[in-house]
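Notes follow the structure.
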Amino acid sequence: MKPIRSPEDLERLRKEILAKREPSKPCITVCVSTGCVAQGSIKLVEAFKAELEKQGLTDRVEVKETGCVGFCEQGPRVTIYPQEIYYFKVKPEDVPEIVSKTVLKNEIVERLLYKDPITGKTAQILEEIPFYKYQLRLLLENNAKINPKNIEDYIAIGGYSALAKALFKMTPEQIIEEVKKSNLRGRGGGGFPTGIKWETTRNAPGEPKYVIVNCDQGDPGAFMDRTVMEGNPHSVLEGLIIGAYAIGAHRGFVYVREEYPIAAENISIAIEQAEEYGLLGGNILGSGFSFNVEVYRGAGAFVSGESSALMTAIEGKVGEPRPKYIHTAVKGLWDKPSCLNNTKTWATIPLIILKGAEWFRNIGTKGSSGTMIFSLVGKVNNTGLVEVPMGITLRDLIFKIGGGIRGGKKFKAVQTGGPSGGFIPEQYLDTPVDFDELTKLGSMMGSGGMIVMDEDACMVDMARYFIDFLLDESCGKCVPCREGLRAMSKILNDICEGKGKDGDIEKIEDLAEVMKEASLCALGRTAVNPVLTSLKYFRNEWEEHIKEKKCQAKACKALINYYIDPEKCQACMLCLRECPAGAVIGGKDQVHWIDQKKCVKCGTCYELCRFGAVVKLTGEPIPPPPMGVKPIRKKK
Amino acid sequence: MVIVTLNIDGKEVKAKEGMTILEAAKQAGIEIPTLCYDEKLEPYGACRICSVEIEKRGKTQIVASCCYPVEDGLKVKTTSDKIIKIRKIILELLLPLSPTGPILSLAQKYGVEKSRFPSQRTDCILCGLCTRYCAEVKGEKAVTFIGRGADKKIALVPEKAGVCATCRECYNLCPSGKIIDETAV
Ligand code: SF4
Ligand code: SF4
Ligand code: SF4
Ligand code: FES
Ligand code: FES
Numbered sequence: 005m006k007p008i009r010s011p012e013d014l015e016r017l018r019k020e021i022l023a024k025r026e027p028s029k030p031c032i033t034v035c036v037s038t039g040c041v042a043q044g045s046i047k048l049v050e051a052f053k054a055e056l057e058k059q060g061l062t063d064r065v066e067v068k069e070t071g072c073v074g075f076c077e078q079g080p081r082v083t084i085y086p087q088e089i090y091y092f093k094v095k096p097e098d099v100p101e102i103v104s105k106t107v108l109k110n111e112i113v114e115r116l117l118y119k120d121p122i123t124g125k126t127a128q129i130l131e132e133i134p135f136y137k138y139q140l141r142l143l144l145e146n147n148a149k150i151n152p153k154n155i156e157d158y159i160a161i162g163g164y165s166a167l168a169k170a171l172f173k174m175t176p177e178q179i180i181e182e183v184k185k186s187n188l189r190g191r192g193g194g195g196f197p198t199g200i201k202w203e204t205t206r207n208a209p210g211e212p213k214y215v216i217v218n219c220d221q222g223d224p225g226a227f228m229d230r231t232v233m234e235g236n237p238h239s240v241l242e243g244l245i246i247g248a249y250a251i252g253a254h255r256g257f258v259y260v261r262e263e264y265p266i267a268a269e270n271i272s273i274a275i276e277q278a279e280e281y282g283l284l285g286g287n288i289l290g291s292g293f294s295f296n297v298e299v300y301r302g303a304g305a306f307v308s309g310e311s312s313a314l315m316t317a318i319e320g321k322v323g324e325p326r327p328k329y330i331h332t333a334v335k336g337l338w339d340k341p342s343c344l345n346n347t348k349t350w351a352t353i354p355l356i357i358l359k360g361a362e363w364f365r366n367i368g369t370k371g372s373s374g375t376m377i378f379s380l381v382g383k384v385n386n387t388g389l390v391e392v393p394m395g396i397t398l399r400d401l402i403f404k405i406g407g408g409i410r411g412g413k414k415f416k417a418v419q420t421g422g423p424s425g426g427f428i429p430e431q432y433l434d435t436p437v438d439f440d441e442l443t444k445l446g447s448m449m450g451s452g453g454m455i456v457m458d459e460d461a462c463m464v465d466m467a468r469y470f471i472d473f474l475l476d477e478s479c480g481k482c483v484p485c486r487e488g489l490r491a492m493s494k495i496l497n498d499i500c501e502g503k504g505k506d507g508d509i510e511k512i513e514d515l516a517e518v519m520k521e522a523s524l525c526a527l528g529r530t531a532v533n534p535v536l537t538s539l540k541y542f543r544n545e546w547e548e549h550i551k552e553k554k555c556q557a558k559a560c561k562a563l564i565n566y567y568i569d570p571e572k573c574q575a576c577m578l579c580l581r582e583c584p585a586g587a588v589i590g591g592k593d594q595v596h597w598i599d600q601k602k603c604v605k606c607g608t609c610y611e612l613c614r615f616g617a618v619v620k621l622t623g624e625p626i627p628p629p630p631m632g633v634k635p636i637r638k639k640k
Numbered sequence: 106m107v108i109v110t111l112n113i114d115g116k117e118v119k120a121k122e123g124m125t126i127l128e129a130a131k132q133a134g135i136e137i138p139t140l141c142y143d144e145k146l147e148p149y150g151a152c153r154i155c156s157v158e159i160e161k162r163g164k165t166q167i168v169a170s171c172c173y174p175v176e177d178g179l180k181v182k183t184t185s186d187k188i189i190k191i192r193k194i195i196l197e198l199l200l201p202l203s204p205t206g207p208i209l210s211l212a213q214k215y216g217v218e219k220s221r222f223p224s225q226r227t228d229c230i231l232c233g234l235c236t237r238y239c240a241e242v243k244g245e246k247a248v249t250f251i252g253r254g255a256d257k258k259i260a261l262v263p264e265k266a267g268v269c270a271t272c273r274e275c276y277n278l279c280p281s282g283k284i285i286d287e288t289a290v
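Taken in order, these protein sequences are the chains called A and B.
Positions 5 to 640 (my numbering) are the ones given, in order, by the first sequence.
Positions 106 to 290 (my numbering) are the ones given, in order, by the second sequence.
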């Protein structure tokens, strides 16, 4: 019955697919998304297949390659259905046991379950794991269940019924109205209301119109778009087709960053299969509506996330932002009305069409509805991708889902929104995650990066780190961003190297003002967030660096000295032997001390000393060697 | 042809729809400094020295006047304190690159005696006038940008040296003297 030519045929096909599948048939799903692949999950798939073959079970047990559930640091992830038991950190050696015990006898392999490092409790299903308990997984939910390379998996769970509803039961205007009512805001960072953007493109004069998927997340450690694209490409595609119909576009592009080969492969396969099934191409589902999609693979650059830069790249020019003040929704690709949305935004559309704007608006806050996927990284116990309802507090995200700060250290700040987001200090931890609330604090939602920093982070050094990153990412076209970042980077590096001067803070503030107000694109305008929030909430650290040459977090190498506390030194000679610079002076039974002139501050002694005798000093004079110049004999 | 009325520095100005603020201001005798603009070329929006403050539905915003299209009822300030400050800092950022010629005289005009930022003379402010002139007017692309971000530079395409020898039309456009230096060798 391919291609499908009516909504009824789609329903019939769905029933057929489900009828072919026995819900009680054991199924082993293995994550083959980027994170788990890097940890060897392809070998795992082979091992499962070989083991089933060996035990003569190939017909009775299914092995399925699926997408990412977000807990990649615990990968490779394997789930056994129908019980839905999650195993983590699975190795090929574990395979025979999983098959003979769990698959055949319904017994649990305890050691492969997730074990809470704090309570010691194990969990079988995801919801029992604290990391998942507080999540609301609308977009990522199906990633462990479906094979992204098989359209029938997606159809089986109700896929493309939103498209059928949109094409046959709704007019384009009604769809736009529904999206507007849902309050959905762009998941790529700007938070612009999606429905209004669609309407602008629809009403803009000029034909043809284009729709574009942005899958170009360039933030280090942020891979939400990739995960959605890899694990459930049809959800993105379905949203895109609905949008194209609502906007009146017949051609669409999926911009996938070069570094995401699996995402590009999966969306390309999805497009092919959707065409074959009559869900894409001419006369979709027999509705008369036609729409084609091409995948564009772009050399990743942070600035490409900027919509006009991305469009110039698709046009085949250097990916630089355009100077025009006319919105790309009106004049975009080849100067035609073009609607660009983030991967997650498109993937949300089918849910809104199926379940309604009302349902969606009831999730989250008044100003920000629905869920948001964050990439929670840094000094928290649990890191990974988390999907939460908007409005959850930063505290819950970090302490309940993230499991608190690693190593019992103290929380210092969280950066939201990726490299150009601001640092939010302790006193604002109860802020709800919401586009407007984060902006008020000088940060932003951005694309959902979230980096947690503990007491060991120096906030001046952090600002320096992100300014240096952004300087590398600037396209270099406009003066405030290119030269402003260059000047800021120099000042910040100087301050961290102990060469800070009076007037540096004023210079930084002047530069920030110009960059924020006068840069051509959002990269330059938001690049100042880390610096400005660091200055706003941690100004004392800046002053200490500049005036007292002191780094209270003891992170800026130039501002610290290693020193051996003579009271604590046990003369074990470990540091003396390991110091690469030969800077430790001492001997058997002698208190050791460090020759500051020779010390290269590598920290080896600090890491090695078992007695905590090596300490870091900052902003204070180094006490003279014990008892004058000569090291003394240690008292027994 | 649609004519819109806007207000620039308190003055009623009529302009054709599709014009930029810069063009409308020029017509009305109001001068706005520019470094990467040339009337023969597509607006580029890189130097940002032409920034002005606009007011629209009660909200103020800084925009590059060489790119921003006129709108009916738009209120524009070309010399507010904020704008002067922005221009001064931009000049402070450009002076280390090109401490002579047009940049220096503009800096002097704005009372920028010297820059607080370290010197790194390149004699090119990457305004793109030469590259755009060559591509848009001559259709040659004998001079182009290479690299990106902070490493961006202009470069002459050796195969096209012959074209440059007889053309040299971009020399007068360059606000920093770089292009003359480059072709002299
Ligand atoms: S703000 Fe930065 S990235 Fe954007 S156009 Fe200017 S130089 Fe390029
Ligand atoms: S910090 Fe490194 S170089 Fe300095 S004393 Fe310790 S081990 Fe030696
Ligand atoms: S050489 Fe001159 S005209 Fe060409 S980009 Fe540099 S400053 Fe502009
Ligand atoms: S890549 Fe496998 S769980 Fe994320
Ligand atoms: S003249 Fe307008 S940005 Fe350069």
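Ideal Cβ positions, reconstructed from N, Cα and C, are used throughout, including at glycine.
Only a predicted model underlies this, so the values are computations on that prediction, with no experimental measurement involved.
heavy atom of ligand 4 below 6 Å from residue i C-beta
i, result
"residue 37 (chain A)", "yes"
"residue 73 (chain A)", "yes"
Cross-strand partners of residue i (DSSP beta bridge)
i, result
"residue 456 (chain A)", "A:382, A:418"
"residue 320 (chain A)", "BP columns for residue 320 (chain A) are empty, so no partner."
"residue 190 (chain A)", "For residue 190 (chain A), which the question treats as bridged, DSSP gives no partner whatsoever."
"residue 219 (chain A)", "A:260"
"residue 296 (chain A)", "A:255"
"residue 35 (chain A)", "A:70"
"residue 276 (chain B)", "None, per the DSSP bridge assignment."
"residue 164 (chain B)", "B:161"
"residue 427 (chain A)", "A:419"
7 Å Cβ cutoff met for residue i and residue j
i, j, result
"residue 325 (chain A)", "residue 462 (chain A)", "no"
"residue 198 (chain A)", "residue 343 (chain A)", "no"
"residue 154 (chain B)", "residue 195 (chain B)", "yes"
"residue 364 (chain A)", "residue 454 (chain A)", "no"
"residue 563 (chain A)", "residue 502 (chain A)", "yes"
"residue 53 (chain A)", "residue 67 (chain A)", "yes"
"residue 433 (chain A)", "residue 398 (chain A)", "yes"
"residue 338 (chain A)", "residue 217 (chain A)", "no"
"residue 96 (chain A)", "residue 51 (chain A)", "yes"
"residue 300 (chain A)", "residue 318 (chain A)", "yes"
"residue 485 (chain A)", "residue 493 (chain A)", "no"
"residue 538 (chain A)", "residue 427 (chain A)", "yes"
"residue 610 (chain A)", "residue 618 (chain A)", "yes"
Residue i beta carbon near ligand 2 (any heavy atom closer than 6 Å)
i, result
"residue 564 (chain A)", "no"
"residue 559 (chain A)", "no"
"residue 152 (chain B)", "no"
"residue 573 (chain A)", "no"
"residue 585 (chain A)", "yes"
Any non-hydrogen atom of ligand 5 within 6 Å of residue i CB
i, result
"residue 238 (chain B)", "no"
"residue 139 (chain B)", "yes"
"residue 142 (chain B)", "yes"
"residue 169 (chain B)", "yes"
Contact test: residue i Cβ vs ligand 3 heavy atom, cutoff 6 Å
i, result
"residue 283 (chain B)", "yes"
"residue 233 (chain B)", "yes"
"residue 195 (chain B)", "no"
"residue 272 (chain B)", "no"
Proximity test, residue i beta-carbon vs ligand 7 heavy atom, cut-off 6 Å
i, result
"residue 81 (chain A)", "Ligand 7 is not part of this structure, which contains only ligand 1, ligand 2, ligand 3, ligand 4 and ligand 5."
*Residues in the region 141-153 of chain B having any Cβ partner in chain A nearer than 9 Å*: Of all residues in the region 141-153 of chain B, 141, 147, 148, 149, 150, 151, 152, 153 have a Cβ within less than 9 Å of some Cβ in chain A.
_Members of the region 504-536 of chain A that neighbour chain B once the beta carbon cut-off is set at 8 Å_ = Identification of residues in the region 504-536 of chain A having a C-beta nearer than 8 Å to some C-beta of chain B yields 507, 511, 514, 515, 517, 518, 521, 522, 523, 524, given in sequence order.
*Output, in sequence order along the chain, the residues in the region 333-349 of chain A whose CB is closer than 7 Å to any CB in chain B.*
Of all residues in the region 333-349 of chain A, none comes within less than 7 Å of chain B when Cβ atoms are compared.
*Below 9 Å between beta carbons is the criterion; list the residues of the region 113-135 of chain A that meet it against any residue of chain B, in chain order.*
Identification of residues in the region 113-135 of chain A having a C-beta nearer than 9 Å to some C-beta of chain B yields an empty set.
*Return the residues of the region 158-171 of chain B that lie within a Cβ-Cβ distance of less than 7 Å from chain A, sorted by chain order.*
For the region 158-171 of chain B, which is checked against every Cβ of chain A, the residues closer than 7 Å are 167, 168, 169.
*Would you list, in chain order, the members of the region 250-282 of chain B that have their beta-carbon closer than 9 Å to a beta-carbon of chain A?*
Against chain A - using a Cβ distance shorter than 9 Å - the residues of the region 250-282 of chain B are 250, 252, 253, 254, 255, 256, 257.
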